[in-house]
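What follows is a short report on a single structure.
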Amino acid sequence: MKQSRSPYCPSCSEVDFQNFLKVRDFIREPANKQVTIGALVEATGVTELDITRYIHEGRLIIKDNPAMSIACVRCGKATNEGKVCSTCQAEMQQELQGLQASVNKTSVRAYRLD
């Protein structure tokens, strides 16, 4: 049996996919490049929650649209590129590098028994 990555049943997954296509196709139109999330909801009938989820999942790219932004899940600042803003991405990268450096400094000593 094939494992599905979707938390939805097959028919709900299809509805979700069709909703995604509606949103994606709408914002690809040159006349709709500066649309807001509210206007996108109104025009497509897709919920704001679903649109936000598409952005968080990386399925919907809105970098070129400053009018459409979502809140960073870490700091709440407006972002239009995934779940976290670029500032938080940089901070998390620095934190990770610091942790990696501290792990690398900690060496395990082995003693030999004769």
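Be aware that the sequence shown starts at 1380, since it is given in the working numbering, and climbs by one per residue.
For every residue, glycine included, the Cβ atom is placed at its ideal position computed from N, Cα and C.
As the structure is a computational prediction, the values presented were derived from the model and not from experiment.
query: If Val1394 and Thr1423 are in contact, beta carbons under 8 Å, what's the gap, nearest whole angstrom?
result: By one-based count along the sequence shown, residue 1394 stands at place 15. By one-based count along the sequence shown, residue 1423 stands at place 44. The beta carbons of Val1394 and Thr1423 sit about 13 Å from each other, so the pair does not count as a contact at 8 Å.
- prompt: Between Lys1412 and the rest of its own chain, which residues show a CB-CB distance below 8 Å, the 5 nearest in sequence each way excluded?
  reply: The sequence position of residue 1412 within the sequence shown is 33, counting from 1. Same-chain partners within the cutoff: Ile1406, Asp1443, Asn1444.
message: Across the segment 1457-1464 and the segment 1428-1438, are there enough close Cβ pairs to call them in contact, namely three or more that are closer than 8 Å?
response: With a cut-off of 8 Å, the segment 1428-1438 and the segment 1457-1464 count as touching, because enough Cβ pairs lie within range.
Where Ala1457 falls: helix, strand or coil (DSSP): The sequence position of residue 1457 within the sequence shown is 78, counting from 1. In this structure, Ala1457 counts as strand in the three-state DSSP scheme.
- prompt: How many Å lie between Thr1466 and Ile1449 at the Cα?
  reply: In the sequence shown, residue 1466 corresponds to position 87, counting from 1. In the sequence shown, residue 1449 corresponds to position 70, counting from 1. Roughly 15 Å between the two C-alpha positions.
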